[in-house]
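Take a look at the structure below.
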Amino acid sequence: MTIRIEKVDLPGIGTRHDLVTESGRRLSVVAYRDGERNLGIFDVEDPDACRDSIAITEDEAEALADLLGTSVAVSRLTALTDSTSGLYTEQLELAPDSPYLNRPLGDTKVRTRTRVSIVAIVRDGGVVPSPTPAEVLRGGDIIVAVGTRDGLEAAGRLLSNGPD
Amino acid sequence: MDDGTLILIEIGAVLLGMSLLGRLAARIGLSPIPLYLLFGLAFGTGGLLPLHEAHEFFETGADIGVLLLLALLGLEYSPAELVSNLRQSKYAGAIDFLLNALPGAVMALLLGWGPLGAVALAGVTWVSSSGVIAKVLRDLGRVSNRETPAVLSILVIEDLAMAFYLPVLTAVAVGVSLWQGAISVGIAVGVVLLILFVAFKWGHVVSRLFSAEHQESLLLGVLGLTMLVAGLAEGAQVSGAVGAFLVGIALSGRVAREAESVLTPLRDLFAAMFFVFFGLTTDAGQLLAVLLPAVVLAIVTMATKVLTGYLAARRAGIGVPGRWRSGLVLVARGEFSVVIAGLAVGAGAVPELAPLATAYVLITILVGSFAARITDTKWFKARMRQRALVRR
Numbered sequence: 001m002t003i004r005i006e007k008v009d010l011p012g013i014g015t016r017h018d019l020v021t022e023s024g025r026r027l028s029v030v031a032y033r034d035g036e037r038n039l040g041i042f043d044v045e046d047p048d049a050c051r052d053s054i055a056i057t058e059d060e061a062e063a064l065a066d067l068l069g070t071s072v073a074v075s076r077l078t079a080l081t082d083s084t085s086g087l088y089t090e091q092l093e094l095a096p097d098s099p100y101l102n103r104p105l106g107d108t109k110v111r112t113r114t115r116v117s118i119v120a121i122v123r124d125g126g127v128v129p130s131p132t133p134a135e136v137l138r139g140g141d142i143i144v145a146v147g148t149r150d151g152l153e154a155a156g157r158l159l160s161n162g163p164d
Numbered sequence: 001m002d003d004g005t006l007i008l009i010e011i012g013a014v015l016l017g018m019s020l021l022g023r024l025a026a027r028i029g030l031s032p033i034p035l036y037l038l039f040g041l042a043f044g045t046g047g048l049l050p051l052h053e054a055h056e057f058f059e060t061g062a063d064i065g066v067l068l069l070l071a072l073l074g075l076e077y078s079p080a081e082l083v084s085n086l087r088q089s090k091y092a093g094a095i096d097f098l099l100n101a102l103p104g105a106v107m108a109l110l111l112g113w114g115p116l117g118a119v120a121l122a123g124v125t126w127v128s129s130s131g132v133i134a135k136v137l138r139d140l141g142r143v144s145n146r147e148t149p150a151v152l153s154i155l156v157i158e159d160l161a162m163a164f165y166l167p168v169l170t171a172v173a174v175g176v177s178l179w180q181g182a183i184s185v186g187i188a189v190g191v192v193l194l195i196l197f198v199a200f201k202w203g204h205v206v207s208r209l210f211s212a213e214h215q216e217s218l219l220l221g222v223l224g225l226t227m228l229v230a231g232l233a234e235g236a237q238v239s240g241a242v243g244a245f246l247v248g249i250a251l252s253g254r255v256a257r258e259a260e261s262v263l264t265p266l267r268d269l270f271a272a273m274f275f276v277f278f279g280l281t282t283d284a285g286q287l288l289a290v291l292l293p294a295v296v297l298a299i300v301t302m303a304t305k306v307l308t309g310y311l312a313a314r315r316a317g318i319g320v321p322g323r324w325r326s327g328l329v330l331v332a333r334g335e336f337s338v339v340i341a342g343l344a345v346g347a348g349a350v351p352e353l354a355p356l357a358t359a360y361v362l363i364t365i366l367v368g369s370f371a372a373r374i375t376d377t378k379w380f381k382a383r384m385r386q387r388a389l390v391r392r
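As you go down the protein sequences, you meet chains G and Y in turn. Counting from 1, one number per residue, gives the positions in the first sequence under full-length UniProt numbering. Counting from 1, one number per residue, gives the positions in the second sequence under full-length UniProt numbering.
Structure follows, in structure tokens:
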């Protein structure tokens, strides 16, 4: 999966980055020198022209990047494991009454107990990739786990009820 | 009332009037330049209310306005941008020159305005208004469009070409015989190349003269350097405006960004004074006499400019609607045409050049503002769709 991003200089204005999606649509981001950004969506009929051009602030751009980045990270993991037979990815939400709330990930001993690997934690729209055992779990965390069907079910029970 | 009081009243009244006109222009989505020119015409020689005391003040202000227009233009570009643009778009630049400068030269010769008139009018019809066009691109949401780099590169090439054109204009104005003229053109171009080389090679050293942190010293320093180099260039028979442009190019990085922001308000003030002064010194009575040549010239060179943009976009691999957009957006001529006419008349070209340039710029800016919007109409889009169907 290669993504081609085209960079074009706009002398006196700034730079433009273009992305052509798999479905053939063109998106562009114009960064003005004064820091302003513009998100452009190109027309289907006239692929040289923007159908819509939306001005976004620096903060909005950052939020948008986070949002898109998260979903990309998660869906890539899913795609990776789906191709391997017998392995599944599941996103487990940490329940507010979980015994592991505000405790480090290592306390769950999830790998030893269920043979399931925690590959990432999605928290507040961001991603903690490959969390260490010292990572403290918070309410609302989404735990991305990889394992067998049985292992994942066991991990889900473990996280919400503690060890049997 | 003594002179001191009168001068304040005159300057104040003119600035206030310009401010109102600027608001009006913004309201109708037009560049304020044509309104400033008309305003100057109304008050100037043969106009309704000639100015007396403020004349000298406006004259000096107009000179500084030209320098600042060019210095800020130079600040917008880095040397690297100019070089890469020159490499990529030299053919587009050459086509642009042939199609748009030659009609102006021919018209001047037909009118019997001599070689200086021909060189000057060629410049007037050649250069599109980067100010007007950059604003139109932003207003119409076309900055992201794929044809926009082709449009911008034409503007950049034209701006860079000014660095060589203006000294030639000055040299032609001074040169008596053809041979002498050729020598002074050679010297002028040599000096410009030398300064450009210094700017490209040691621009960062020049930038280090200034600190981006201290706004006040930056403002005074860049303004001082600009005027100093402009004066020296003028002394070497190379137009001072070019000196200012090259100072702008030599500055780069954060110093250039900061200098741009502190000098922009000054540029706005003095450039507006330049346009008004140009109108002031233009004889409104002559406007009617040159109206016909101005209209003919405008029609011809607006068509050639559309062709220029169309061809440049085609070279860049842009589809048919995008080619039309590029061509039609380039139609407007503006600040540079007025600058060139002003310098030429000051250097001894026929005075009719000024009213002709005024009428010409008025027509192209007015028509250009509408022409740029044609491609956004339903009618145009329907035509393009039909064409695409027929082709299939």
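All residues carry an ideal CB built from backbone N, CA and C; glycine is no exception.
Per DSSP, the unbroken alpha helix (DSSP H) holding R149 of chain G starts and ends at 149-161. Annotated three-state conformation of K109 of chain G is coil, per DSSP. A check of alpha carbon separations from S84 of chain Y across Y:G279, Y:P149, Y:I64, Y:R138 identifies Y:P149 as the nearest. With fewer than 16 neighbouring CB atoms inside 10 Å of its own CB, T57 of chain G falls in the exposed class.
The Cβ neighbour count for F39 of chain Y, taken over all protein chains shown within 10 Å, is at least 16; the residue is labelled buried. Contact residues of the stretch 105-137 of chain Y toward chain G are S130, A134, L137 (C-beta to C-beta distance below 9 angstroms). The three-state reading of DSSP puts H214 of chain Y in coil, since its state is none of H, G, I, E or B. In the three-state reduction of the DSSP assignment, R115 of chain G falls in the coil class. Nearest to L73 of chain Y by alpha-carbon distance, out of Y:D159, Y:A54, Y:S369, is Y:D159. In the DSSP annotation of this structure, the continuous segment of the beta strand (DSSP E) that includes S28 of chain G starts and ends at 26-32.
For T60 of chain Y, the uninterrupted alpha helix (DSSP H) segment begins and ends at 55-76. Look at A31 of chain G: its C-beta is not under 8 angstroms from any C-beta on chain Y.
Within chain Y, E76, A134, L137, R138, V143, T148, L152 have C-beta atoms less than 9 angstroms from the C-beta of I13 of chain G, given in sequence order. With the criterion set as a beta carbon lying under 9 angstroms from some beta carbon of chain G, the members of the stretch 71-98 of chain Y are L73, E76, Y77, S78, E81, L82, S84, N85, in sequence order. By the Cβ rule, the stretch 345-358 of chain Y counts as touching the stretch 275-287 of chain Y, because three or more pairs are nearer than 8 angstroms. Distance from the CA atom of I157 of chain Y to the CA atom of I249 of chain Y, rounded to whole angstroms, is 14 angstroms. With 16 or more neighbouring CB atoms inside 10 Å of its own CB, Y165 of chain Y falls in the buried class. Around the beta carbon of G126 of chain G, fewer than 16 other beta carbons sit within 10 angstroms, so the residue counts as exposed.
D150 of chain G counts as exposed, since fewer than 16 other C-beta atoms from the protein chains shown sit within 10 angstroms of its C-beta. No beta strand (DSSP E) of 3 residues or more sits fully in the stretch 203-255 of chain Y. The beta carbon of R373 of chain Y does not come within 8 angstroms of any beta carbon belonging to chain G, so the residue lies off that interface. The Cβ-Cβ distance between A42 of chain Y and P32 of chain Y does not fall below 8 angstroms.
For R16 of chain G, a Cβ of chain Y is located within less than 8 angstroms of the residue's own Cβ.
Contact of G40 of chain G with chain Y is assigned, a C-beta pair being separated by under 8 angstroms. Chain G places a beta carbon closer than 8 angstroms to that of I318 of chain Y, counting this residue as a contact. Within chain G, no C-beta atom comes nearer than 7 angstroms to that of V329 of chain Y; the closest sits roughly 12 angstroms away. Here the stretch 238-252 of chain Y lies against the stretch 59-76 of chain Y, with 3 or more beta-carbon pairs under 8 angstroms apart. As computed with DSSP, I142 of chain G is found in a beta bridge with G:E93, G:V122. Annotation for D9 of chain G: the continuous beta strand (DSSP E) segment containing it runs 5-10.
Secondary structure of G14 of chain G (DSSP, three-state): strand. Chain-order list of chain G residues neighbouring R385 of chain Y: E45, by C-beta distance under 8 angstroms. When secondary structure is reduced to three states using DSSP, G86 of chain G falls in the coil class, being assigned neither helix nor strand.
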